[in-house]
Amino acid sequence: MITVYFDGLCYPRNPGGVAAYGYAVYRDGKQIWQGFGGVGEGKGMTNNVAEYEGLMAAAQWLVDEGVEDKILIKGDSELVIKQMKGEYRVSSATSKKYVPEIKRLLQGKDVSFSWVPREENEEADGLSRMGYESYLRQKKRKKGG
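Last residue of the sequence shown? That's 211 in our numbering, and every number before it is there in order.
(1) Give a yes or no on whether the C-beta atoms belonging to G152 and E117 are separated by under 8 Å.
(2) Tell me which residues share the same chain as I139 and place their Cβ nearer than 6 Å to its Cβ, disregarding the 5 neighbours each side in the sequence.
(3) Pick out the complete beta strand (DSSP E) segments inside the region 68-117, 3 residues or longer, and give them in chain order.
(4) Taking C-beta to C-beta, are F72 and S200 nearer than 8 Å?
(5) May I ask which residues mark the beginning and end of the alpha helix (DSSP H) holding V146?
(6) Inspect the CB distances between the region 188-204 and the region 159-169 and report whether three or more fall short of 8 Å.
(7) Does the distance from the C-beta atom of R195 to that of L121 stay below 8 Å?
Right, here's the structure in full:
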């Protein structure tokens with residue numbers, strides 16, 4: 067059984083801050099992978115964009131690794147989880163961009179989604195903070211600092 071935890075943030079303001087994400091992958095309770103990254107900053111960046119980018123990065127990792135196990139994906143974004151389960155309508159431009167792409171990536175896999183409270187998603191939250199810091203370091207390097 068594979069369990070994936072994902073999270074995203076948009077800091078210091080939402081919308082318009084720096085969007086970043088993190089995710090952790092477990093097989094039978096043991097961590098086998100973790101990832102994080104920055105999405106961008108300014109116009110168009112929101113918590114929801116960051117959450118979806120985290121889920122998409124995790125889904126892409128599952129595809130790249132050829133994971134065939136049963137997969138449980140957990141996140142603390144009620145919107146993202148319920149849209150992926152088909153319980154909420156997909157109506158915003160952000161959701162219309164991400165939901166079909168993530169479903170396409172996960173097609174043919176035995177996947178279920180579960181909402182968890184923020185306290186049960188602390189590792190992915192910490193990884194999203196690492197994604198934020200990594201984004202700022204890269205930006206600083208590009209400026210020659």
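From the three backbone atoms N, C-alpha and C, an ideal C-beta is built for every residue, glycine too.
So, from the listed chains and residues:
(1) Taking the first residue of the sequence shown as 1, we reach residue 152 at position 86. Taking the first residue of the sequence shown as 1, we reach residue 117 at position 51. Their beta carbons are not under 8 Å apart, which means G152 does not touch E117 by this criterion.
(2) Taking the first residue of the sequence shown as 1, we reach residue 139 at position 73. The residues are V70 and F179.
(3) As far as the region 68-117 is concerned, its whole beta strand (DSSP E) runs of at least 3 residues are 68-77, 84-93 and 96-107.
(4) Counting from 1 along the sequence shown, the entry for residue 72 is found at position 6. Counting from 1 along the sequence shown, the entry for residue 200 is found at position 134. When the beta-carbon positions are compared, F72 and S200 stay at least 8 Å from each other.
(5) Locating residue 146 in the sequence shown gives position 80, where the first residue counts as 1. Where V146 is concerned, the enclosing alpha helix (DSSP H) stretches over E144 to K151.
(6) No: fewer than three Cβ pairs fall under 8 Å.
(7) Numbered from 1 along the sequence shown, position 129 holds the residue referred to as residue 195. Numbered from 1 along the sequence shown, position 55 holds the residue referred to as residue 121. No. Outside cutoff.
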